[in-house]
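For reference, the structure is listed below as structure tokens.
Take a look at the structure:
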């Protein structure tokens, strides 16, 4: 009987937590937790991002080092126990995340070796892929949505 | 209670997170006054250097003489590393390109970036699943 009671305690706890009725209530729940993550679309690819991490993407030619970009296509915002999923994206007035362009670099030198045997044809192509690295800023969840 | 190790009580740099500090601090151009290999570098210094300096006020720009040698440009960075690029055999546009390569770089050593999409030091937000702390599965 005690074992049955112990098994039903987690279910009772879950029943106490009613699902939030509005987006504001959901964001309140998420904001109450210490750490957050977002799933954002950046230059056609989705990434799971947290504050302070460095995102490396193929070279963006129209940004300069030091520019601050706002991520406007955020599909999901989550914390340890709660997740808010957009339809398909969350409105930028609800969540604000910025990324700073830290540098434009190139990767390590890659050597592409081509050969056709018995034909006297071989060549080596050396190539360095250019990248842009961005640092993700804080995930801001404003208390009142800005109009 | 776990002991608080003094080595753990340090902050880790995250340039660009709250504030951004440009990583390049000095550009040194070294070229010869007479030799033809420095001709394009000299033209660059006479025509484009002033506007470059105005557009990048955070960079200290120095011109040095390097007689009877090939022209070079040296970039000094905040992480105490420097990058040197020879400028002989390059046209004006190519010299411009190399200078901007130095300005855009952070001074870090070139490393393979193909697979390093997101480099994160944040701990897992949703926590790591543990079989010993999960509900027993019920069929």
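Residue numbers (our numbering), protein chains in the order written: chain U, 1 to 147; chain R, 1001 to 1139. Ideal Cβ placement from N, Cα and C applies to all residues, glycine included.
- Annotation: the continuous alpha helix (DSSP H) that includes residue 30 of chain U extends over 23-31.
- Residue 139 of chain U has its alpha-carbon roughly 13 Å from the corresponding atom of residue 73 of chain U.
- Contacts with chain R at 9 Å (Cβ-Cβ) include residue 53 of chain U.
- In this structure the stretch 82-90 of chain U touches the stretch 20-39 of chain U; the number of beta carbon pairs closer than 8 Å is three or more.
- For residue 44 of chain U, no Cβ of chain R is located within less than 9 Å of the residue's own Cβ.
- Close to residue 126 of chain U, with beta-carbon spacing below 7 Å, lies no residue of chain R; the smallest spacing is near 13 Å.
- Taking a 10 Å sphere around the C-beta of residue 56 of chain U, we find 16 or more other C-beta atoms and assign the residue as buried.
- Note that the C-beta distance between residue 36 of chain U and residue 141 of chain U is below 9 Å.
- Annotation: the continuous beta strand (DSSP E) that includes residue 75 of chain U extends over 74-78.
- Note that the C-beta distance between residue 1067 of chain R and residue 1028 of chain R is not below 9 Å.
- Among the residues facing chain U, residue 1106 of chain R is included, as its CB has a counterpart in that chain under 9 Å away.
- Residue nearest to residue 1011 of chain R within the set R/1121, R/1137 and R/1071 is R/1121 (criterion: CA-CA distance).
- The distance from the Cβ of residue 1040 of chain R to that of residue 1101 of chain R is about 16 Å, inconsistent with a contact at the 8 Å cut-off.
- A contact between stretches requires three or more CB pairs, one per stretch, nearer than 8 Å, and the stretch 100-110 of chain U meets this requirement with the stretch 48-66 of chain U.
- Taken through DSSP and simplified to helix, strand or coil, residue 1095 of chain R comes out as helix.
- A straight line joining the alpha-carbon of residue 48 of chain U with that of residue 1118 of chain R spans about 8 Å.
- Contact annotation: in the stretch 71-83 of chain U, residues whose CB is within less than 9 Å of a CB in chain R are 78, 79, 80, 81 and 83.
- Under the three-pair Cβ rule at 8 Å, the stretch 1034-1053 of chain R does not count as touching the stretch 1014-1023 of chain R.
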